[in-house]
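Structure first, then comments.
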Amino acid sequence: MIRFVARRVLAAIPIGLIVTLGVFALVFAMPGDPLRELAGDKPIPAAVLAAKRAQYHLDDPFIVQYLLSMKDILTGNFGTTFAGADIADQLRLRIPVTLKLTLLANAFQWTLGLFFGIYAGFKRNGLVDKSLLLATLVLLAVPGLVAYFAAQYLFGVELKWFPVSGVLEGFPRSYLLPALVIGLLGFAGLARLMRTSIVETVNADFVKTARAKGLGEQRVLWRHILPNALLPVVTFIGIDLAGMFGGAIITESIFNLPGLGQFMFQAIKLKEGGVVVLLSTLAFVSFILINLAVDILYGVLDPRVRHV
Amino acid sequence: MSDILLKVENLSVEFDTPRGPVRAVDGVSWQVRAGETLAILGESGSGKSVSTQALTGILEMPPGRIVSGTASYRGEDLIAMSVKERRRIVGDRITMVFQDSLSALNPVQSVGKQIAECYRVHRGLSRSEAMKRAAEMLDRVRIPAAAKRVNDYPHEFSGGMRQRVMLAMALALDPDVLIADEPTTALDVTVQARILELIEELQAERDMGVVLITHDLGVVADVADNVVVMYAGHVVERAATADALEHPVHPYTEGLLGSMPSADLKGQELPTIPGTPPSLRSIPSGCAFRTRCPHVVEECADEVPPLLTVAPGRDAACIRRTTMPAKEAV
């Protein structure tokens, strides 16, 4: 087990280098000058501009800029944004916001997805199953952007059930609406996968064996069908969790939640390569950790892929 | 003679399909006594597995449907009783072994746990006591280092060892009847022989009735006391194994025997029964076998030939052989 974890972490290092280098190159290749963008229409004295450019190493060659950024990240010396904000402080403030949002959204998504998926799978062709099939089809067809704006307008502006945007009302009120929309959109895929997986497992030979052993229906469902049907779902949850940060960039910007996603959005807009790479590295590290956790969980659930 | 443990009478099973019902088992009757091995012989699709799955209640219903018939275990009809009552018997007094042990065992549960489950559910034993018994059972079916292997998972065993695990699970509660559905089909010949020996040995020890479903005449010849031959959902011949093998009455049984490879046939082409088994959707009128039968006469198309006794302990469903027995074999 320890060897498995060590191997995975070591394998992540070269991948991390490629990812950060690629992200940095993309930001570098973006058109526009970050400092002029920051200043807007106001003219900047040439001396100030030169000083700033030197401070952020903007005149160095690409690879030097990249290496300097990586050095900062690895030494934990994050510095300030172009606008002068301390990046370490920003992270301290923003990480909890993103965590709260994604955890709440995931709680909705898993509860709904697993509950309806399991119920529909066990009672297939029933009313719940058929309505679920239809409802998830509709949900899957709605683009996220449309759903966010529609929900914001309907429940925030018109009905006033939830705050329209911002985090002034704190947790959980400010987070409920975006989390619900993310959860609902995500639950469709999860519920469908869970249902299909159960329906496939129900016809497996070992289920026949379990019945031939004279086991009660409940025991067959919970002890034999479900543990096997959950396996593909665990994989899905892992991939889905990793995609959450990407989703946060959009939702946090729309609902004006000061989290990492919004930070990322602003950094990309301003061409702040250092911040983008820092956030990408964070996302990458959490991606590796989540994947590792999912793989270990998978091994616990399925002895055939256990890593000794 | 010993007690009749399981007696199936006039069992018919249909499947509902989008194109109307299909009869997979039609008026099948057989019985098995304590200590006896009854082989149900037939090609795939002949209804041999469906009949046993129907009477044990593990057939998916729907689409399956039991149209008629009884299956009495010591006088109690399994088909008429409630699911709850049946669960007391199936899994405890009547147990089953399936063909493909890799898919028939739960892949994410240790074999010990799966065997122990029988003791936990039917005998209410504690977890540790049940596991101890499971290890004993593994040892009983001669799995080496059973005490250690009890915690292993199905994929960690070879095919033959897995089939032993299946047997250990089926025999854990010392059942009266073991229904073995093609238990050795997925195994190579030497392993097959050892599994069959093991079944015979445990059967003798417990005076258990064994229903052996197979398509392998060699297996029948080796272990079965009596044989029921099925074709397209019907029983076409019922006899003591030795009699059936020496003097088959039904032309289908005869054809099967003729197409068995043997040393005498060396260098010759192996004879086969011409044609293929009929689709259950379009079974020929009258005798289902008549389109492939070498002895067919016009009357064969008139009605389904009844299973008639041609000699003591011998039944066959062939109008030529049962109503005109003097002319030909027997």
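If you read the sequences in order, they're chains Z and R.
For the first sequence, the residue numbers in full-length UniProt numbering are 1 to 308.
For the second sequence, the residue numbers in full-length UniProt numbering are 1 to 330.
Idealized CB from N, CA, C, for every residue including glycine.
Residue i versus the options, residue with shortest Cα-Cα distance
i: proline 183 of chain R; options: R:Leu198, R:Asp174, R:Ala172; result: R:Leu198
i: aspartate 207 of chain R; options: R:Ala104, R:Arg93, R:Val165; result: R:Arg93
i: residue 383 of chain R; options: R:Tyr73, R:Val219, R:Arg281, R:Pro278; result: Residue coverage of chain R in this structure runs from 1 to 330, which leaves residue 383 of chain R outside it and unanswerable.
i: alanine 88 of chain Z; options: Z:Asp295, Z:Gly117, Z:Leu278; result: Z:Leu278
i: residue 403 of chain R; options: R:Tyr153, R:Val22, R:Pro175; result: Since the first residue of chain R shown is 1 and the last is 330, residue 403 of chain R is not available in this structure.
i: threonine 209 of chain Z; options: R:Arg194, R:Gly75, R:Ile179; result: R:Ile179
i: glutamine 163 of chain R; options: R:Asp174, R:Ala134, R:Leu196; result: R:Leu196
i: threonine 288 of chain Z; options: Z:Ile15, Z:Ile2, Z:Met1, Z:Arg3; result: Residue 288 of chain Z is actually isoleucine in this sequence, not threonine. If we check each option's Cα against that of isoleucine 288 of chain Z, Z:Ile15 comes out closest.
i: alanine 80 of chain R; options: R:Arg290, R:Arg120, R:Ala54; result: R:Ala54
i: leucine 99 of chain Z; options: Z:Arg306, Z:Ser286, Z:Leu292; result: Z:Ser286
i: tyrosine 231 of chain R; options: R:Ala288, R:Ile273, R:Val210; result: R:Ala288
i: alanine 134 of chain R; options: R:Ser285, R:Tyr73, R:Ser110; result: R:Ser110
i: valine 210 of chain R; options: R:Lys84, R:Val177, R:Leu5, R:Ile89; result: R:Val177
i: glycine 113 of chain Z; options: Z:Pro303, Z:Tyr148, Z:Asp240; result: Z:Asp240
i: leucine 93 of chain Z; options: Z:Pro31, Z:Val64, Z:Leu231, Z:Gln262; result: Z:Gln262
i: leucine 177 of chain Z; options: Z:Leu154, Z:Met194, Z:Phe206; result: Z:Leu154
i: proline 107 of chain R; options: Z:His224, Z:Ala242, Z:Ala267; result: Z:His224
i: residue 312 of chain Z; options: Z:Val207, Z:Gly238, Z:Ile63, Z:Leu185; result: The structure shown does not extend to residue 312 of chain Z, since chain Z spans only 1 to 308, so no value can be given for it.
i: glycine 159 of chain R; options: R:Val67, R:Glu136, R:Thr190; result: R:Thr190
Span separating the alpha-carbon of residue i from that of residue j
i: lysine 327 of chain R; j: valine 199 of chain Z; result: Reliability fails at lysine 327 of chain R, whose pLDDT of 42 lies under 50, so the model's placement of it is uncertain and no value is given.
i: glycine 267 of chain R; j: glycine 258 of chain R; result: 15 Å
i: valine 223 of chain R; j: glutamine 192 of chain R; result: 12 Å
i: residue 331 of chain R; j: leucine 256 of chain R; result: Residue coverage of chain R in this structure runs from 1 to 330, which leaves residue 331 of chain R outside it and unanswerable.
i: aspartate 225 of chain R; j: alanine 204 of chain R; result: 13 Å
i: glutamine 90 of chain Z; j: methionine 1 of chain Z; result: 36 Å
i: alanine 239 of chain R; j: threonine 214 of chain R; result: 16 Å
i: aspartate 100 of chain R; j: leucine 307 of chain R; result: 33 Å
i: asparagine 151 of chain R; j: lysine 7 of chain R; result: 38 Å
i: valine 32 of chain R; j: leucine 102 of chain R; result: 28 Å
i: isoleucine 73 of chain Z; j: tyrosine 66 of chain Z; result: 11 Å
i: arginine 8 of chain Z; j: isoleucine 290 of chain Z; result: 12 Å
i: glutamate 169 of chain Z; j: arginine 36 of chain Z; result: 35 Å
i: alanine 229 of chain Z; j: glycine 117 of chain Z; result: 11 Å
i: valine 167 of chain Z; j: proline 96 of chain Z; result: 12 Å
i: glycine 57 of chain R; j: methionine 131 of chain R; result: 27 Å
i: alanine 50 of chain Z; j: histidine 57 of chain Z; result: 10 Å
i: glutamine 152 of chain Z; j: serine 165 of chain Z; result: 8 Å
i: proline 312 of chain R; j: glycine 275 of chain R; result: 32 Å
i: glycine 42 of chain R; j: leucine 212 of chain R; result: 11 Å
i: phenylalanine 115 of chain Z; j: leucine 292 of chain Z; result: 26 Å
i: alanine 191 of chain Z; j: phenylalanine 162 of chain Z; result: 26 Å
6 Å Cβ shell around residue i - same chain, five flanking residues per side excluded
i: valine 28 of chain R; result: Leu11, Ser51, Val235
i: phenylalanine 265 of chain Z; result: Ile249, Ser253
i: histidine 295 of chain R; result: Pro251, Arg320
i: valine 105 of chain Z; result: Contrary to the premise, residue 105 of chain Z reads as alanine rather than valine in this sequence. Cβ neighbours of alanine 105 of chain Z beyond the five flanking positions: Ala179, Ile182, Gly183.
i: alanine 283 of chain Z; result: Phe245
i: phenylalanine 98 of chain R; result: Ala104, Asp181
i: tyrosine 73 of chain R; result: Leu6, Ile89
i: glycine 186 of chain Z; result: Gln109
i: alanine 116 of chain R; result: Ala130, Met131, Ala134
Same chain only: Cβ atoms within 7 Å of residue i, ignoring 5 sequence neighbours per side
i: valine 234 of chain Z; result: Val294, Leu297, Tyr298, Leu301
i: arginine 23 of chain R; result: Ser12, Glu14, Gly233, Leu280
i: valine 141 of chain R; result: Arg164, Leu167, Ala168, Leu198
i: glutamine 114 of chain R; result: Leu105, Asn106, Met169
i: aspartate 174 of chain R; result: Arg206
i: valine 202 of chain Z; result: Ile225
i: serine 49 of chain R; result: Asp181, Ile213
Contact list for residue i against chain C, beta-carbon separation under 7 Å
i: histidine 224 of chain Z; result: No chain C appears in this structure, whose protein chains are Z and R.
Beta-carbon proximity list for residue i, same chain, < 8 Å, skipping 5 on both sides
i: methionine 161 of chain R; result: Ile143
i: threonine 196 of chain Z; result: Gly121
i: serine 2 of chain R; result: Arg33, Ala34, Gly35, Glu36, Asp207
i: proline 258 of chain Z; result: Leu93, Arg94, Val97, Val167, Glu252
Worksheet item: Hey, is the region 243-256 of chain R in contact with the region 47-64 of chain R, meaning 3+ C-beta pairs nearer than 8 Å?
Response: no
Worksheet entry | Cβ-based contacts, 7 Å cut-off: residues of the region 52-85 of chain R near chain Z | Thr56, Ile58
Practice prompt. Mind the definition here: the region 142-149 of chain R touches the region 169-180 of chain R only if three or more C-beta pairs lie below 8 Å; say whether that holds.
Written response: no
Worksheet item: Should the region 208-225 of chain Z be called in touch with the region 114-130 of chain R, which here means at least 3 C-beta pairs below 8 Å?
Response: yes
Practice prompt. Mind the definition here: the region 267-278 of chain Z touches the region 8-26 of chain Z only if three or more C-beta pairs lie below 8 Å; say whether that holds.
Written response: yes
Discussion item. Can you pull out the residues from the region 210-223 of chain Z whose beta carbon lies closer than 9 Å to at least one beta carbon of chain R?
Written reply: Sequence-ordered contacts of the region 210-223 of chain Z with chain R read Ala210, Arg211, Ala212, Lys213, Gly214, Leu215, Gly216, Glu217, Arg219, Arg223 [C-beta pairs closer than 9 Å].
Fill in: Interface positions of the region 146-167 of chain R facing chain Z (Cβ-Cβ less than 7 Å), listed along the chain
Tyr153, His155
Item to complete: Determine which residues of the region 103-131 of chain R have a Cβ less than 7 Å from any Cβ of chain Z, and write them out in chain order.
Response: Ser103, Ala104, Leu105, Asn106, Pro107, Val108, Glu117, Cys118, Val121, His122
Practice prompt. With 8 Å as the limit, tell me which residues of the region 70-87 of chain Z have their beta carbon closer than that to any beta carbon of chain R; keep them in chain order.
Written response: none
Fill in: Interface residues of the region 113-134 of chain Z facing chain R [CB-CB below 9 Å]
none
Practice prompt. Could you list the residues in the region 87-112 of chain Z with a C-beta less than 9 Å from some C-beta on chain R, going in chain order?
Written response: Here the close residues number zero.
Discussion item. Residues of the region 88-101 of chain R in Cβ contact with chain Z at a cutoff of 8 Å, in chain order, please.
Written reply: Arg88, Ile89, Val90, Gly91, Asp92, Thr95, Met96, Phe98, Asp100
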